[in-house]
Every structure is written in structure tokens, then in C-alpha cells.
Amino acid sequence: MALDFAATYKVLVLGDSNVGKTCIVHRYCDERYYDTYISTIGIDFKQKIINLDGTPIKLQIWDTAGQERFRTLTTAYYRGAMGILLMYDVTSLESFNHLSYWLRNIQENASPDVVKVLAANKCDATSNRAVDAERGQKIAENFDMPFFEVSCKENINIEEAFLTLARRIREQRGRRLARLPKSPGKPVLAARRPRILHHANSEREICRPDVNIRTH
Ligand SMILES: Nc1nc2c(ncn2[C@@H]2O[C@H](COP(=O)(O)OP(=O)(O)O)[C@@H](O)[C@H]2O)c(=O)[nH]1
Ligand SMILES: [Mg+2]
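End of the sequence shown sits at 215 in numbering that gives the first Met the number 0; the numbers just go up one at a time, nothing left out.
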């Protein structure tokens, strides 16, 4: 029997190479932690049905294929994204300093409606810490992002970060719907409207059938 869910939210996990993007997606979707390095081959996403305050929502979580290493993420990757989990690694000052690059990249390529959450990963690695929580908190406030220190290794705050992102997407969709004109105008528009409302997404492209889809 097909699972019924109210909406699909496309989210991206972004940040420097090695911050733990692939680990967080696996941890959240498979509830496992991978200790060895995972090289990501091909653009990939995982799906998870979550219970968002009583409503089943399908989260479609996209992981990069390592293009972040070469700074070659394209507009196509951002298409249809409703939320972004932006990550850095608390043991890497460089990954924190590169947040400005990622924020600019998001601004240039993502929908203006996209919502973000900032995740500082590897908070378990206390002896190697290079970035204090306060610094993360500050940049998060400046860019209107909820902030979480997380650990894929010790499963800290992962669920909270993704749930917060999903809630923000829901709020943003609510604001978008409130902005839509009450009267749809021409009948042809009225016929198309439910599809737009369902995705609340300007691109109307949630899932690309030509990519490797793994359903969990
Ligand atoms: N200590 C610690 N290491 C982590 C954590 N998350 C990921 N790693 C390690 O960081 C490395 C890079 O992880 P990966 O998910 O491949 O990073 P990506 O390049 O951003 O996808 C791997 O060696 C992981 O084992 C964490 O929460 N704590
Ligand atoms: Mg990866």
C-alpha cells in the first residue's frame, strides 16, 4: 500500500567537502553512522516520511556528488529546493570561513523563498574544536537561520535540525499561499493551480526521474 503524505519538501545539504554531509543524510535516513570516508558518486537523494506535528511529509534530501570540492554546483542542483541544511565542521575553521561563499552561492542560485538552517557538525570532537558555538550562533542570527551544533557520530541534534528545517518550509509555504491572489482569473490558470499549490514551488520540479532514486 502506498504511503500517503501531504507534501514533498526538497531539501539540500550544502557545505564544504568533508564536513559530514553524506554522513548526516545517512544518519537521518538510515539511522546509521558511517565511520569510514564515503565518496559520493552521482547526484543522489534519500527520502524519508516524517511526522511534522501530526502531518506526514515526505522529505527528499539531496546530497552533493562531491561537486562542492570543485565549486561546480550549478543552478540545476538548486532547482526546486525549498530548504537548505548548511553545514560546517567545528574542527575546521576553513569550513566555517567558507560559509560566506555558500551563502552567496545560495543567494545566486536558489529561490528567494528558500529557508535555511545552520548545522555545526562534529560537536563530539571536543579536543579538536576550532570554532566556538558562539561564532556559529552569530552568523546564524545575521542570516536568519536557526542554529544547531550536531554530531552524526553521536546522533546529537540531527532530528531537531531537519525537523526545524521542515517546519520553516511549512511556514514559508503558508506565507506563499497567503500571497496568492484569491481569484485565479482565467479558467486555464484555475485548472493548473492545484498542482502549484501542492508543491508550492515556483519550479514545479520536485523529483527528476532521470536520477538514481532510492526509496527508504
Ligand atoms: N568526529 C566526527 N566525525 C564525523 C562526523 N560526521 C562525519 N564525520 C567524519 O567526517 C568525514 C567526512 O564525512 P562525509 O559525510 O563524507 O563528508 P562530506 O564530504 O561533507 O559528505 C568522515 O570521515 C566521517 O566519518 C561527526 O559527527 N563527528
Ligand atoms: Mg559527501
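The beta-carbon is built from N, C-alpha and C at its ideal position, and this holds for glycine as well.
Classify residue i as helix, strand or coil using the three-state DSSP reduction.
{"i": "glutamate 82", "result": "The sequence as given places glycine at residue 82; glutamate does not occur at that position. DSSP places glycine 82 in strand when its eight states are reduced to three."}
{"i": "glutamate 30", "result": "coil"}
{"i": "phenylalanine 161", "result": "helix"}
{"i": "serine 16", "result": "coil"}
{"i": "arginine 70", "result": "coil"}
{"i": "threonine 21", "result": "helix"}
{"i": "asparagine 141", "result": "helix"}
{"i": "glutamate 148", "result": "strand"}
{"i": "leucine 176", "result": "helix"}
{"i": "glutamine 46", "result": "strand"}
Verify the contact flag: residue i, CB atom, against every heavy atom of ligand 2, threshold strictly below 8 Å.
{"i": "aspartate 131", "result": "no"}
{"i": "threonine 63", "result": "yes"}
{"i": "lysine 45", "result": "no"}
{"i": "serine 91", "result": "no"}
{"i": "lysine 20", "result": "yes"}
{"i": "serine 216", "result": "As shown, the chain starts at 0 and ends at 215. That puts residue 216 outside it, with no answer to give."}
With a threshold of 6 Å on Cβ separation, who are the neighbours of residue i within its own chain once the five nearest residues in sequence on each side are excluded?
{"i": "aspartate 123", "result": "Ser150, Lys152, Glu153"}
Report yes if the C-beta distance between residue i and residue j is below 9 Å; otherwise report no.
{"i": "phenylalanine 147", "j": "valine 114", "result": "no"}
{"i": "leucine 84", "j": "alanine 118", "result": "yes"}
{"i": "tyrosine 77", "j": "isoleucine 105", "result": "yes"}
{"i": "threonine 7", "j": "leucine 58", "result": "yes"}
{"i": "arginine 70", "j": "tyrosine 100", "result": "yes"}
{"i": "alanine 129", "j": "phenylalanine 95", "result": "yes"}
{"i": "lysine 45", "j": "valine 24", "result": "yes"}
{"i": "proline 145", "j": "alanine 160", "result": "yes"}
{"i": "leucine 11", "j": "glycine 82", "result": "yes"}
Can you name, in chain order, every residue of its own chain whose Cβ lies under 7 Å from the Cβ of residue i, other than the five neighbours on each side?
{"i": "glycine 19", "result": "Met86, Asp88, Asn120, Lys121, Cys151"}
{"i": "glutamate 74", "result": "According to the sequence as given, residue 74 is threonine; it is not glutamate. Hits under 7 Å: Asn108."}
{"i": "asparagine 156", "result": "Phe147, Glu148, Val149"}
{"i": "histidine 97", "result": "Asp15"}
Return yes when the C-beta of residue i is under 8 Å from any heavy atom of ligand 1, and no when it is not.
{"i": "lysine 121", "result": "yes"}
{"i": "alanine 109", "result": "no"}
{"i": "threonine 71", "result": "no"}
{"i": "cysteine 28", "result": "no"}
{"i": "aspartate 88", "result": "yes"}
{"i": "isoleucine 83", "result": "no"}
{"i": "isoleucine 23", "result": "yes"}
{"i": "serine 99", "result": "no"}
{"i": "glutamate 159", "result": "no"}
{"i": "lysine 115", "result": "no"}
{"i": "glutamate 153", "result": "yes"}
{"i": "valine 149", "result": "yes"}
Any heavy atom of ligand 4 within a distance shorter than 8 Å of the CB on residue i?
{"i": "alanine 124", "result": "This structure lacks ligand 4; the ligands present are ligand 1 and ligand 2."}
Leaving aside the five residues before and after residue i along the sequence, list all residues of the same chain whose C-beta is less than 8 Å from its C-beta, in chain order.
{"i": "leucine 72", "result": "Leu13, Thr63, Gln66, Asn104, Asn108"}
>> Which complete alpha helix (DSSP H) runs does the segment 75 to 132 hold, if anything under 4 residues is left out?
In response: 92 to 96, 98 to 108
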